[in-house]
Structure formats: C-alpha cells, structure tokens
Amino acid sequence: MLNNEAYAPPLHSLPRSPSSVCYTPTNASKPLRATTTSSSSSVTMKNINSNNSNDDFEASAASFAPATLFVIYARNRIGLLGAYFSTVYVDVATLTIFSSSIKRREEEAEGITLIMGWPIIFLFPPPDSLFITAMAVISFTGCAHAGLSEVRGIHLQYSKFWKSGSQKSNQIYISARRGMQLAYTPPFLAGLTSLVFFPHCDDIRYLLLSSALIIHFLKRLLEVQFVHKYSGGVALDSGITITVSYLMSTVAAIYAQHLTITQGLREPPIDLKYPGILLFLLGISGNFYHHYLLSQLRSSSSLFRSHSQTNDDKEYKIPRGGLFELVICPHYLFEIIEFVGFSFISQTLYTFAFVVGTTFYLIGRSYATRKWYLSRFKHFPQKVKALIPYLY
Ligand SMILES: NC(=O)c1ccc[n+]([C@@H]2O[C@H](COP(=O)([O-])OP(=O)(O)OC[C@H]3O[C@@H](n4cnc5c(N)ncnc54)[C@H](OP(=O)(O)O)[C@@H]3O)[C@@H](O)[C@H]2O)c1
-9 MLNNEAYAPP LHSLPRSPSS VCYTPTNASK PLRATTTSSS SSVTMKNINS NNSNDDFEAS
51 AASFAPATLF VIYARNRIGL LGAYFSTVYV DVATLTIFSS SIKRREEEAE GITLIMGWPI
111 IFLFPPPDSL FITAMAVISF TGCAHAGLSE VRGIHLQYSK FWKSGSQKSN QIYISARRGM
171 QLAYTPPFLA GLTSLVFFPH CDDIRYLLLS SALIIHFLKR LLEVQFVHKY SGGVALDSGI
231 TITVSYLMST VAAIYAQHLT ITQGLREPPI DLKYPGILLF LLGISGNFYH HYLLSQLRSS
291 SSLFRSHSQT NDDKEYKIPR GGLFELVICP HYLFEIIEFV GFSFISQTLY TFAFVVGTTF
351 YLIGRSYATR KWYLSRFKHF PQKVKALIPY LY
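Residue numbering for the sequence shown follows my numbering, starting at -9 and increasing by one per position.
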C-alpha cells in the first residue's frame, strides 16, 4: 500500500498565495498554523489534492468579483479608506484570476502587495484560494455599498426602516421575528456543521472561530425569541439579502480557516487570538446588555407579544442607560468590537475584509438611525452621537 507521506513534496515547493510570498521568509521559524497531530508532509499532500479538486469551483466563484466591484465603483464613490482597501483587493483578485501561471502571479503580486497591502497581509495572511479572495472582495464591497446606501436613504427594510421608501407595490413582508429567525438559522447551522465536516479539533484557531460563530448566532436566535420586542416586519428581499450575506460570510470565514490548516500556512508573526477572545467576549456582552435596555422600552412580554401587543408596545422611545447616553447605536459599536474579535481569533484576510465591510455598513446604518431619531423626537439630545462617543 502506498504511503502518501513518502511522496509528499516539501512545503516550500507548494503554490503559495501572492501575499504569503511577502511574509513567509520573515517567519521561517514560526510554527505552521496546522497544529495537527499528522506530520507536515501529510498536510502538504492533502493540500495538493484539495487544491486540484477546488480549482474549477474556485475559478468560477472568483470570476464575478471584478464585475461586482466594477458595478459598485461605477455607481458610488466609496471614500478614501474604502478605495484603498478595495484597490488592494482588486489588485490581488485580478492578478489571481487572470494570470496564466502561479509563478508569474506570485512575482507580479509580490510587488503590489508589498507596496499597498503589506500591513494587512502581514497580520492577516490569506490562503491561496480564488474563492476566498473573491469572497473577501464581495463581502467587503457588498457591506460597504450597503452602508453607503443607508447614508443615501436607501435602507435594508427591517426594524425602523421596514417600510421605508419601498416603491414596489408587490413587496412581500414577513414578521420581524420570522425574518430574523430566517437570517440567523442557516449561519448557525453552518457553524455547527463546520465542526462535523472539517473537524480540526486540535487546531485552536479553528475551534475558537467555529465556537465563536456558533455562540454569536445562537445568542441572536435566543434574543429573537426571548429578548427583542419587535413592532413591525421585514421586507422579504431584505430578509433574503441578510440571510445570504450571513450564511456566505460564515461559510467563507470557516473555509478560509480550514485552508490555513490544509495549506500549512505559517502562523502570523504577531499572535492576536487571545486579545481576540477578550474582544469577542466584551463585544457580545455589551451587545446583549444594550439589546436588553432596548427591550425594556416596551412593556409586553417578548414571548407572547404577537398576541397581546398593544399600540404602546409598538412605540419607539429614546433609549436610556449604558452607552445610550452617548451614542444611539451602542449595540452596533459592541457588534463591531465582537467582529474585530472574530478577525483577531482567525487572522485571515477574509475575516479582516468582512469586519471592515461590516463596520462600513454599521457606520451607515447608525448614521441613518440617528437621523431618524432627530426627525422623530424634537428633544433628542444633540450630544448623543451615532456610533462613537463624542466623535461620530
Ligand atoms: N453584522 C451586521 O452586518 C449587522 C447588521 C445589522 C444589525 N446587526 C446587529 O443586529 C442586532 C439588531 O440590529 P437592528 O438593526 O435590528 O437593531 P435595532 O433596530 O436597534 O432593533 C433592535 C430591537 O430593539 C427595538 N428597538 C430599537 N429602537 C427602539 C426604540 N427606540 N424603542 C423601542 N424599541 C426599540 C427594535 O424594535 P423594532 O423591530 O420594532 O424596530 C428591535 O426589537 C444588533 O446587535 C446589530 O449590531 C448586525
């Protein structure tokens, strides 16, 4: 019987991502991310097999990334920071997709990533994957675009904005609780199944990331059921957009982590996973606390609200307590902190792209929310900002 390990090529002969060219030499002594009990050679063999089998799938998934970007660029200006990050991703994605050979790809990309993306790539090294590169581009630009739309008054139609600006007479609405269950259940199940299908139980980052995602979406589902007191609904197309976005980003984050193991990527030079755990815990606790404060603004029990809700239970009031004294969306602020925690735990380019994109979205949504309060409450305190105390 053939012993795979005997035929495995050395790790340095493997195709590497453009960016890993930049950071690998400086970290030659760093341990591999794959802290599996198997030898590095068997990891290598697995990598080659999985690369071959994933190539067609990844190429087709990646091919629509530049098209997505082009459409978004054509329709909006996304600001200096957005342009910077997008340019990095466009560079990497375009080189990845259109270069005819991996060798040429690496040589060309090395110069560009060194100049433009080095600080990010250094801390959040990406695996060699067209699919993940494309997903990073799509997640970032999709979220940033949604945030910009919120600022421009085109809202995702849930919560306060569930009936805003809908021009479609045939718009379908579902109850907010149903909509949110729809949004959170698939990514929660994706997190659970990740532990079944990719059981890297001895890889600490993989375990932490999967567990954090499971806890995040389980908390959301429990809050939908037992904490939030909704007054309205969700437009079906917004609900589907949110569901697909959460599901794809959860799957991509887990898959990116899986690839760091199967491709034998080295550990980043600065280990952020323990600060990441702290940020995750701080973020999820602060987010829950402010959800609880919001729920106290309405009187009926969250469990039986659909049957017993009075008009008063549907009213909006100015939230008080906690960071609500300084910003109108402290739960978004803590969500961002929690997401930074995810990206520190994982340290892949995908989670970094996703957290930056999400931050853009929540900046936009909090701007729209503050504007909504200002228009609705004459005595809304001016000192209460949107998202960041005293600043924004
Ligand atoms: N990761 C992402 O991309 C992303 C995007 C969006 C949201 N989120 C997160 O999802 C969570 C919920 O977000 P959301 O936008 O739905 O929050 P939200 O609009 O503040 O609503 C949360 C709950 O509080 C109620 N509520 C809000 N303001 C109220 C007021 N003034 N008076 C009485 N009740 C009030 C809402 O009722 P109504 O339904 O009746 O308005 C809803 O039940 C947050 O933690 C947020 O960070 C994440």
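For every residue, glycine included, the Cβ atom is placed at its ideal position computed from N, Cα and C.
If you're wondering where the values come from, they're calculated on a predicted model, not measured in any experiment.
Measure the alpha-carbon distance for residue i versus residue j and round it to whole angstroms.
| i | j | result |
| --- | --- | --- |
| Ala166 | Lys219 | 9 angstroms |
| Phe207 | Pro320 | 19 angstroms |
| Ala136 | Gln147 | 12 angstroms |
| Val181 | His190 | At residue 181 the sequence reads Gly, which differs from the Val that was named. Approximately 13 angstroms between the Cα atoms of the pair. |
| Gly311 | His280 | 8 angstroms |
| Pro115 | Gln286 | 43 angstroms |
| Pro379 | Leu226 | 34 angstroms |
| Leu255 | Pro117 | 7 angstroms |
| Leu364 | Ser235 | 30 angstroms |
| Ser91 | Met170 | Unreliable positioning characterises Ser91 in this predicted model, as indicated by a pLDDT of 43, which lies under 50. The coordinate reading is nonetheless provided below. Spanning the two alpha carbons is a distance of roughly 44 angstroms. |
| Arg288 | Leu120 | 47 angstroms |
| Pro309 | Pro371 | 11 angstroms |
| Asp278 | Tyr245 | First, the residue type needs correcting, since residue 278 is Phe and not Asp in the sequence shown. Cα-Cα distance, rounded: 28 angstroms. |
| Gly143 | Phe314 | 23 angstroms |
| Arg366 | Val317 | 16 angstroms |
| Tyr351 | Leu262 | 24 angstroms |
| Val224 | Lys304 | 15 angstroms |
| Ile260 | Lys373 | 38 angstroms |
| Phe270 | Ile326 | 9 angstroms |
| Arg195 | Glu213 | 27 angstroms |
| Arg168 | Ile251 | 37 angstroms |
| Leu179 | Ala126 | 22 angstroms |
| Leu237 | Thr131 | 16 angstroms |
| Ser28 | Phe344 | Model confidence at Ser28 stands at a pLDDT of 37, short of 50, so the residue's coordinates are unreliable and nothing is read from them. |
| Trp152 | Glu257 | 44 angstroms |
| Leu268 | Gly276 | 12 angstroms |
| His145 | Asp192 | 43 angstroms |
| Leu172 | Gly354 | 23 angstroms |
| Asn160 | Ile205 | 37 angstroms |
| Glu328 | Lys375 | 20 angstroms |
Tell me the DSSP secondary structure of residue i in three-state form.
| i | result |
| --- | --- |
| Thr26 | Because Thr26 carries a pLDDT of 40, less than 50, the predicted location of this residue cannot be relied on, and the following value inherits that uncertainty. Thr26 falls in the coil class under three-state DSSP. |
| Arg142 | coil |
| Gly311 | coil |
| Gly254 | coil |
| Ala376 | coil |
| Pro222 | For clarity, residue 222 is Gly in the given sequence; the question names Pro instead. Three-state DSSP puts Gly222 in coil, outside helix and strand. |
| Val317 | strand |
| Tyr264 | helix |
| Ile164 | strand |
| Ser228 | helix |
| Tyr63 | Residue confidence for Tyr63 is low, a pLDDT of 49 falling below 50, so the modelled location carries little weight and cannot support an answer. |
| Ser50 | Caution applies to Ser50, whose pLDDT of 46 falls short of 50 and renders its modelled position unreliable; the model cannot decide the point. |
| His248 | helix |
| Ser119 | coil |
| Pro371 | coil |
| Ser154 | coil |
| Phe114 | coil |
| Gln147 | coil |
| Leu172 | helix |
| Phe188 | coil |
| Leu384 | The chain is shown from -9 up to 382; residue 384 falls before or after that span and cannot be answered. |
| Leu381 | coil |
| Pro259 | coil |
Would residue i and residue j be called neighbours here (beta carbons separated by less than 8 angstroms)?
| i | j | result |
| --- | --- | --- |
| Ile164 | Gly222 | no |
| Phe216 | Gly273 | no |
| Lys150 | Thr349 | no |
| Ile335 | Leu198 | yes |
| Ala134 | Gly347 | yes |
| Tyr174 | Arg210 | yes |
| Ala243 | Thr341 | yes |
| Leu113 | Gln337 | yes |
| Thr123 | Pro176 | no |
| Ser239 | Ser129 | yes |
| Leu381 | Tyr322 | no |
| Glu140 | Tyr306 | no |
| Ile111 | Leu339 | yes |
Within the present structure, is the beta-carbon of residue i separated from the nearest heavy atom of ligand 3 by less than 7 angstroms?
| i | result |
| --- | --- |
| Pro309 | This structure lacks ligand 3; the ligands present are ligand 1. |
Between which two residues does the alpha helix (DSSP H) harbouring residue i extend?
| i | result |
| --- | --- |
| Tyr357 | Leu339 to Arg366 |
| Ile194 | Ile194 to Phe216 |
Looking at the unbroken beta strand (DSSP E) that takes in residue i, where does it start and where does it end?
| i | result |
| --- | --- |
| Tyr306 | Where Tyr306 is concerned, there is no enclosing beta strand (DSSP E), given that its DSSP letter is neither H nor E. |
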